[in-house]
Structure formats: structure tokens, C-alpha cells
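What follows is one structure encoded as C-alpha cells, with my remarks underneath.
There are 2 protein chains.
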Amino acid sequence: MSPALQPAFRALADPTRREILTSLSQREMSLNEVTAQFSMTRAAVRKHLEVLVEGNLIHIRRQGRETLSTLNPDGLRPVVDWLSFFDQFWDEKLDALKTAIETETPDE
Amino acid sequence: MSPALQPAFRALADPTRREILTSLSQREMSLNEVTAQFSMTRAAVRKHLEVLVEGNLIHIRRQGRETLSTLNPDGLRPVVDWLSFFDQFWDEKLDALKTAIETETPDE
DNA sequence: ATATTATGACACCATAAGGTATCCTTTTAG
DNA sequence: CTAAAAGGATACCTTATGGTGTCATAATAT
Numbered sequence: 025m026s027p028a029l030q031p032a033f034r035a036l037a038d039p040t041r042r043e044i045l046t047s048l049s050q051r052e053m054s055l056n057e058v059t060a061q062f063s064m065t066r067a068a069v070r071k072h073l074e075v076l077v078e079g080n081l082i083h084i085r086r087q088g089r090e091t092l093s094t095l096n097p098d099g100l101r102p103v104v105d106w107l108s109f110f111d112q113f114w115d116e117k118l119d120a121l122k123t124a125i126e127t128e129t130p131d132e
Numbered sequence: 025m026s027p028a029l030q031p032a033f034r035a036l037a038d039p040t041r042r043e044i045l046t047s048l049s050q051r052e053m054s055l056n057e058v059t060a061q062f063s064m065t066r067a068a069v070r071k072h073l074e075v076l077v078e079g080n081l082i083h084i085r086r087q088g089r090e091t092l093s094t095l096n097p098d099g100l101r102p103v104v105d106w107l108s109f110f111d112q113f114w115d116e117k118l119d120a121l122k123t124a125i126e127t128e129t130p131d132e
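So the protein lines, in turn, are chains F and U. To convert a position in the first sequence, counted from 1, into this note's numbering, add 24. To convert a position in the second sequence, counted from 1, into this note's numbering, add 24.
Okay, here's the thing in C-alpha cells:
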């Protein structure tokens, strides 16, 4: 149950995989359906799906003769959490801006 | 002024680079200082820094004989924005939970 | 002036990554 | 039963990546 941050970040590093995630956010899709959205072979897409599984960003299940993939939003949690550490720096800038504005327009 | 999402995600995909970002969040550091935190050569670290610059996640400036790197928190913005699209799925789950709770304890 | 410090610039390497093509197996429609 | 549909599994290929080593160069301390 470890965070598994690396596999997730690794999975997100490829544009094709990010696009796949966006597609799967709409609905569950078979390998052929996912493949139809790209100009690459089914085998290539299958590899991307496997990387996404390793990153815990999607789930795959076999139904009959097709392989259905579904988005696993929770897998993004570790990533978002890691990034949230840097929120403080944005906040600091907002605070600085707020202070600047207040100082700029002294009310009394 | 484009988002440049890919270079940022690419830069974040490596654990060493993520660690560098964390270090730089503390203070500006020279190449030697950054290198001291890892068990790899200065050249290797320098390459990582270059990738971080391409991802717009840090800034580098030459001061005298040293090269100082500083964190650029704003560079994370495109990444966070992209990820925020998926927040809705978490919210949906929260809503489902809330609904479940409300249903579970009918008040009247 | 002269080491020493801090890098830049390359050349080079092994492995990981992203893709393709081919062949085999499992389901399912006729 | 038989062919088409949907994938799985390999083997292979090219480039990108993450690293190392070596040598040259700009700043600095003595």
C-alpha cells in the first residue's frame, strides 16, 4: 500500500498515456477502442496501458474476448499530494501580492 | 508563453530531479551544493538541472564562478492544472459517500 | 603570477523506452 | 464447425535517458 510515486510519475510522463487517461475519464474502453484514437499499433497502445496499470492509474479486466480499461482516479492521489508541497510557494506569492496591494492603497 | 506541459511532466518523471526540486525549495544552491546531496557526478546532476530548466521548473544564473539554481514554483502550474481536471472524479466519490451517509441515516 | 575552485563541453556507454511486425490463442458470430 | 474478431506474447529495432570520464576555461584566493 505504499504510495508508489515513481511509477505514477513515470506513467504520466508520456503524452500518449496522458491522453489515454483523459479518454478513459469518459468511459471504460476496450483495447481496440483506445487504439482507434491513435496512429500507432495495438501492441504499442497495449504497452502504454500496462505502464498505466503499473502506475496504478487505470485498471484492466478481461471480459469475453476484449480487454476493458477503466480510469483509477485515486492513483493520481500520490502525485497530487507530492505536488501540493509546493503550494506554499504559490501562497507566499499571493500573500506578497496581497500585502503589496494593501500597502499600495493605504486606507488611513 | 505556451503551457509546455510535456517538458514539465518529463522533468518530474525522474526521482533525482524531484529531489532536487525539494532541495531548491529550501534555498538557492550552487551546482556543487546540489551535487553533494547525491552519489553521482557533477556532470550528471548538471544534466538533470538542464532538464528542469527545460521544464521551466527552475532558473539558473551564473554568479562569479558558480552556477546558482533556484526553484520556479510557477512552472508546476501547468502540471497541477492538468491534474485538476481529474478532481471531479474524486468529488464524485465524495458526493456518493455523502449521499450514502444521508441515505443511511434518514432523519425523518 | 599561480594554484585552486567551480564549471562547461564533449565523447562515450549501457539500459530504458516507444514502436513495429509476426504468429498463436481465445471468443463469438454465422 | 468455421471464419472473423480481439488480444496475448515475442522478437527486434531505433532513440532517448541517465551516467561516467577527460580536458579546457573562467573566477578567485594567495
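Virtual Cβ for every residue (Gly too), placed ideally from N, Cα, C.
Would you say residue i reaches chain U, if we count a Cβ-Cβ gap shorter than 8 Å as a contact?
i: F:Phe62; result: no
i: F:Arg51; result: no
i: F:Arg34; result: yes
i: F:Val104; result: yes
i: F:Pro39; result: yes
May I ask which residues mark the beginning and end of the beta strand (DSSP E) holding residue i?
i: U:Leu95; result: 90-95
i: U:Gln87; result: 82-87
Indicate whether residue i and residue j have their beta-carbon atoms separated by less than 8 Å.
i: F:Ala68; j: U:Ala37; result: no
i: F:Leu107; j: U:Val77; result: no
i: U:Leu73; j: U:Leu100; result: no
i: U:Arg51; j: U:Thr59; result: no
i: U:Phe110; j: F:Ser93; result: no
Could you check what DSSP says for residue i in three-state terms: helix, strand or coil?
i: U:Arg66; result: helix
i: U:Ser54; result: strand
i: F:Gln61; result: coil
i: U:Phe113; result: helix
i: U:Gly79; result: coil
Ends of the alpha helix (DSSP H) at residue i?
i: F:Ala32; result: 29-36
i: U:Asp105; result: 101-108
i: F:Gln47; result: According to the sequence shown, residue 47 of chain F is Ser rather than Gln. Per DSSP, F:Ser47 belongs to the alpha helix (DSSP H) from 39-48.
Check the C-beta distance from residue i over to residue j and give it rounded, since I have them as a contact under 8 Å.
i: F:Ala32; j: F:Pro97; result: Contact doesn't hold; Cβ gap of about 12 Å is too wide.
i: U:Ser54; j: U:Thr91; result: 6 Å
i: U:Arg41; j: U:Val75; result: 6 Å
i: F:Pro39; j: U:Gln30; result: 6 Å
Looking at chain F, is there any beta carbon in it that lies within less than 8 Å of the beta carbon of residue i?
i: U:Gln87; result: no
i: U:Pro97; result: yes
i: U:Leu107; result: yes
i: U:Leu100; result: yes
Can you tell me whether residue i sits near the ligand ZN, meaning its C-beta is under 7 Å from at least one heavy atom of the ligand?
i: U:Gln30; result: No copy of the ligand ZN occurs in the structure displayed, which carries no ligand at all.
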